[in-house]
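K.L.:
If you read the sequences in order, they're chains S and G.
Here the working numbering is used: the first residue of the first sequence is 201, the next is one more, and so on.
Here the working numbering is used: the first residue of the second sequence is 2, the next is one more, and so on.
No residue lacks a Cβ here, since even glycine has one placed at the ideal position from N, Cα and C.
Predicted model, so just to flag it, every value in this text is computed and none were measured.
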Amino acid sequence: MFKLDRKLIITASAAAAVALFTLGCNGGETGTTASTKVNGKATIDGGVTYPVVNGKTGPYYVNPQVAQVAPKLYNGRVPTANELKAWDKDIMPDGTGLPEGSGSVEDGEEVYDAKCVMCHGDFGSGGGGYPALSKGNAYDLQKTLTNNRWKDPDADGPTRVFGSYWPQVSTLFWYIKDGMPHPFSKSLTDDEVYALVAYVLNINEMEIDGEEVDDEYVLDREKFLKIKMPNRDGFEPNIAGPGALDRVRAYYADAKNFGGQNLHQGAERCMTNCQKETAKTKRINGGITNFLPPMSDVRDLPAVKEVKVDPVAVYKSTCAMCHDSYLAPGSAEWSGYLAEGMDTVYAKGIKGTEGGMPAKGGTDLSDANFKTVVDYITSGKVK
Amino acid sequence: MNNKESQKVLERRDFFKKTAALSVTAIAGTSLVSSNARADDPAIINNVPWGQKWGDPVTKNRYGMPSKYEHNVLRRNTKLLASGNFRASIAVAPIQESMGIITPNGLFFSRCHGGVAQIDPNEYRLMIHGLVEKPIVLTLEQLKRYPSVTRTHFIECPANGGQEWRGPQFNSVQFAKGFMSSAEWTGVYIKTILEDLGLKPEAQWMLAEGSDNSEMGRTVPVDKVLDDAMIVWGQNGEALRPEQGYPVRLLLPGWEGNLCVKWLKRLEFATEPWYCKEETSKYTDLKPTGKAIQHFYANEVNSTVTSPSPEIDWTHLKDGDIVEIEGLAWSGMGTITGVDLSFDGGRNYVKANLKGLVLPKSWTRWSYIHTYKKGEVLQLTSRAMDDAGYIQPTIDQEVSVMGVEAVYHRNAVETWEVNAKGEVNHVQIRS
């Protein structure tokens with residue numbers, strides 16, 4: 201059981217709830233009971249939550265019996281040790297889950313050329329829509345992350361590849377092991393993954409513990425745990441270590457961190473002259489237009505390729521109900537009709553007759569397909 | 002667009018054919034209502050084919066399909082947003098055609114990282130373990146035995162609009178804003194399951210992992226798990242579609258679609274976060290400082306005009322026609338409290354009207370009735386607010402903090418320009 205202070209199911213009365221929770225409403229028209237705090241702490245995402253008040257969370261009724269029985273609900277079973285081992289294969293930055301093993305840059309290149317190059321390109325240069333794994337020296341490229349084309353659209357942008365951007369190398373091992381190669385994932389041995397990681401470090405011109413990951417380098421678990429990614433401190437808020445959730449809460453409580461605009465306690469919003477004077481109309485220059493399928497809002501019949509039907513199957517599902525008792529397939533009763541010529545028989549079938557034959561027997565077959573059914577009924581044979 | 006143009010030409014030609022025998026004034030555009038010499042509409046005068054023959058038997062479609070005439074209402078994609086033969090790729094929803102606040106399951110946008118997995122529900126298992134007193138393995142039947150809740154929420158890819166940080170790119174609302182859809186989801190609150198499993202006090206983070214070939218994983222803070230996080234199996238009254246993670250996905254209402262892990266296989270609790278591929282290499286927002294936001298959870302307050310659109314414009318309107326400008330507003334941080342509409346690109350606003358149900362972390366419909374003046378040029382900009390106190394920023398405001406390289410979480414106001422012909426183009430108003 202988890203402790204009471206972690207429960208979010210609030211059974212307090214409405215009056216107490218209003219006292220407990222900050223109303224985040226901003227002159228709203230909807231009047232839901234929203235709270236920007238949970239147990240006195242800011243929400244984790246800067247948004248609001250809807251505590252259960254008077255049996256409802258926001259507009260939704262909550263069955264109060266569920267809270268009573270939930271502590272007694274255990275519908276499954278405990279996983280076995282082998283089941284946990286089979287599925288708990290994630291790898292964390294501190295080495296949790298990282299298997300023993302080793303692999304060389306040389307072996308990595310061999311595996312790469314056999315299983316990876318067709319998507320990720322020569323030396324991880326990318327291609328086929330798949331991401332590049334390297335664009336050069338990781339330490340140099342990490343410095344491009346301050347490049348931002350907001351003032352000069354023609355400037356160089358930032359380069360975000362494994363070496364320059366990713367905060368943890370554990371991600372690379374984990375993802376290769378679990379997700380690569382895409383069409384045959386989970387097929388690489390641990391040593392092959394070590395080799396591929398070594399190769400990716402090599403093409404990103406990285407070093408481990410001061411030593412260059414050159415063509416002769418052999419990576420193992422011990423060395424892996426010494427890898428420091430160039431951009432490991434490039435992310436905010438800091439989610440590692442104690443107090444992480446408090447740091448996240450504080451980060452999203454401040455709109456300035458992520459470019460939000462908060463009207464704080466119902467301040468008036470701008471209704472006139474809300475754009476800067478320098479703001480001008482920017483139109484699409486070229487743009488992206490290769491939409492698949494092409495854009496259209498036309499309501500017409502789709503172009504369909506004629507698929508030949510099986511006349512016997514159509515007969516059984518659609519015609520037999522009436523025709524089995526009169527004018528059955530190949531019946532002598534047809535002779536009088538056939539004397540009028542097949543074109544007349546077809547035409548009567550397609551248009552229907554006052555004698556009770558529905559147009560095309562009530563099907564939506566093409567004329568050509570319908571005629572094959574007529575051929576079958578009149579002759580008893582499939583042509 | 003060519004189809005559409007030719008259709009319009011056809012319509013116009015038909016109109017003139019019908020009126021050619023009649024008076025010159027009718028052709029000159031005198032109202033058909035007041036004219037004495039009016040063309041008879043063959044759709045009324047003649048018998049229609051479906052009115053004179055049997056319709057389809059009720060046995061025909063055991064699972065119903067849309068009318069064949071709706072065949073152009075489709076998810077679409079573009080090669081520029083496709084990795085590897087459309088396996089790590091996105092197909093976007095035709096929101097220009099959407100009605101109300103629910104997306105039909107067949108049109109729900111679909112983003113995957115290794116293709117759409119096809120899972121045998123009989124072999125489906127969910128494991129919850131790590132820092133819980135009692136770990137658990139559940140079959141699908143066992144999972145669905147928990148008391149269910151049903152909630153209406155949008156799911157939005159945080160890259161919705163992410164191609165347009167540096168300028169407008171898509172002359173299409175489907176592509177500019179259709180990286181999202183909305184449904185009524187049925188499942189169980191994770192907190193209900195945890196009541197018995199017992200979350201240990203030191204648990205801070207939850208790993209959610211999919212069973213597809215990419216083992217799509219993300220780290221979730223326990224705050225969300227204990228608030229409104231759900232494990233869902235129902236979508237608009239039926240089983241989840243494979244594209245949405247059949248048979249089971251995680252649903253974190255309002256948060257990045259990528260966090261709502263599909264084909265859900267495993268939940269593990271720990272004291273430290275995981276650093277999955279899709280929360281480090283991607284789904285992080287690089288700022289001009291060179292620092293990137295990681296763990297950016299909620300899709301912020303947002304809105305767009307959906308009608309008119311570049312796809313379905315106003316070229317057919319006549320002077321003085323009364324028309325409804327319609328759109329969607331949504332916030333992953335809470336409930337929409339209001340929407341404003343500007344006719345001059347966000348310089349000046351009037352209050353638009355919310356309509357229909359207004360639900361937390363849900364699409365919300367808004368509209369404004371407008372009398373169209375033939376030849377007028379409008380820049381339609383909508384701006385939404387939520388009950389967390391947030392209002393959509395201008396592009397200049399958002400870019401001043403986020404720069405233009407962030408890729409994700411762009412929620413500045415969107416502008417659709419109606420030109421003198423009634424055509425609609427996507428523009429941006431920015432310095």
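With 7 Å as the C-beta to C-beta threshold (strictly closer), list the residues of the segment 329-354 of chain S near chain G in chain order.
P.N.:
329, 330, 345, 346, 348, 349, 350, 353
K.L.:
For residue 78/G, name the three-state secondary structure that DSSP assigns.
P.N.:
strand
K.L.:
Hey, out of 275/G, 103/G, 390/G, whose CA is closest to residue 455/S's CA?
P.N.:
390/G
K.L.:
Cβ atoms of residue 346/G and residue 382/G: under 8 Å apart, would you say?
P.N.:
yes
K.L.:
At a Cβ threshold of 8 Å, is residue 404/S touching chain G?
P.N.:
no
K.L.:
So is residue 312/G in contact with chain S if we call contact Cβ pairs under 8 Å?
P.N.:
It does: the Cβ of residue 312/G has a partner Cβ on chain S nearer than 8 Å.
K.L.:
Are the beta-carbon atoms of residue 249/G and residue 144/G separated by less than 8 Å?
P.N.:
yes
K.L.:
Assess, as a yes-or-no matter, whether the segment 257-264 of chain G is touched by the segment 192-211 of chain G under the definition of 3 or more beta carbon pairs within less than 8 Å.
P.N.:
Segments in contact, yes.
K.L.:
What do you reckon, are the CB atoms on residue 388/S and residue 222/G nearer than 8 Å?
P.N.:
With respect to the 8 Å criterion, residue 388/S and residue 222/G are not classified as neighbours on the basis of their beta carbons.
K.L.:
Taking Cβ positions only, does residue 227/S come closer than 8 Å to chain G?
P.N.:
Its pLDDT being 38, under 50, residue 227/S is placed unreliably by the model, and nothing is read from it.
K.L.:
Quick check on DSSP: helix, strand or coil for residue 307/G?
P.N.:
strand
K.L.:
Which residues in the same chain as residue 199/G place their Cβ atom closer than 8 Å to its Cβ, once the five residues preceding and following it in sequence are excluded?
P.N.:
133, 134, 135
K.L.:
Could you work out which residue in 380/G, 312/G, 148/G, 366/G is closest to residue 270/S when comparing CA atoms only?
P.N.:
Ranking the options by Cα distance to residue 270/S, first place goes to 148/G.
K.L.:
With a threshold of 8 Å between beta-carbons, can residue 370/G be considered close to chain S, or not?
P.N.:
no
K.L.:
So which residues of chain G does residue 271/S contact, with C-beta pairs closer than 7 Å?
P.N.:
196, 197
K.L.:
When you compare the CB of residue 282/S with every CB in chain G, is at least one pair closer than 8 Å?
P.N.:
no
K.L.:
Taking only beta-carbon atoms, is residue 162/G less than 8 Å away from chain S?
P.N.:
no
K.L.:
Once DSSP output is grouped into helix, strand and coil, what is the label at residue 41/G?
P.N.:
Here residue 41/G sits in coil by DSSP.
K.L.:
Using only alpha-carbon positions, find the residue among 126/G, 108/G, 164/G that is nearest to residue 276/S.
P.N.:
With respect to the C-alpha of residue 276/S, the residue from 126/G, 108/G, 164/G having the closest C-alpha is 126/G.
K.L.:
Taking 8 Å as the threshold (beta carbon to beta carbon), is residue 316/G in contact with chain S?
P.N.:
no
K.L.:
To the nearest angstrom, how far is the alpha carbon of residue 564/S from that of residue 499/S?
P.N.:
Near 19 Å, if we compare the C-alpha coordinates of residue 499/S and residue 564/S.
K.L.:
Going by the CB atoms, is the gap between residue 546/S and residue 571/S shorter than 8 Å?
P.N.:
Contact flag set, yes.
K.L.:
What residues from chain G crowd round residue 462/S, counting only those whose CB sits closer than 7 Å?
P.N.:
390, 391
K.L.:
Give the straight-line distance between the Cα atoms of residue 367/S and residue 69/G, rounded to the nearest whole angstrom.
P.N.:
50 Å
K.L.:
How would you list, in chain order, the residues of chain G whose beta-carbon sits under 8 Å from the beta-carbon of residue 488/S?
P.N.:
79, 81, 164, 170, 171, 176
K.L.:
Apart from the five residues just before and just after residue 230/S, which ones in its own chain have a Cβ nearer than 7 Å to its Cβ?
P.N.:
Per-residue confidence for residue 230/S stands at a pLDDT of 47, beneath the threshold of 50, marking its modelled position as unreliable; no derived number is given.
K.L.:
Where does residue 457/S sit, in a helix, a strand or coil, going by DSSP?
P.N.:
helix
K.L.:
To the nearest angstrom, how far is it from the Cα of residue 593/S to the Cα of residue 284/G?
P.N.:
The structure shown does not extend to residue 593/S, since chain S spans only 201 to 583, so no value can be given for it.
K.L.:
How long is the line joining the alpha carbons of residue 49/G and residue 557/S, rounded to whole angstroms?
P.N.:
19 Å
K.L.:
If you measure from the beta carbon of residue 382/S to each beta carbon in chain G, is any gap under 8 Å?
P.N.:
yes
K.L.:
For the putative contact between residue 451/S and residue 437/S, defined by C-beta atoms under 8 Å, what is the C-beta separation to the nearest angstrom?
P.N.:
4 Å
K.L.:
Could you tell me whether the segment 160-178 of chain G touches the segment 332-350 of chain G, where touching means 3 or more Cβ pairs closer than 8 Å?
P.N.:
Two segments are said to touch when three or more pairs of C-beta atoms, one from each, lie closer than 8 Å; by this definition the segment 160-178 of chain G does not touch the segment 332-350 of chain G.
K.L.:
Grab the span of the alpha helix (DSSP H) containing residue 374/S for me, first residue to last.
P.N.:
Start and end: 370-379.
K.L.:
Tell me which same chain residues have a C-beta within less than 6 Å of the C-beta of residue 406/G, skipping the five on either side of it?
P.N.:
Counting only Cβ-Cβ distances below 6 Å, and skipping sequence neighbours, we find 287.
K.L.:
Show which residues of chain S have a CB atom less than 9 Å away from the CB atom of residue 434/G.
P.N.:
Because chain G here runs from 2 to 432, residue 434/G falls outside it and cannot be looked at.
K.L.:
Could you pull the start and end residues of the beta strand (DSSP E) that residue 129/G belongs to?
P.N.:
That run of the beta strand (DSSP E) goes 126-131.
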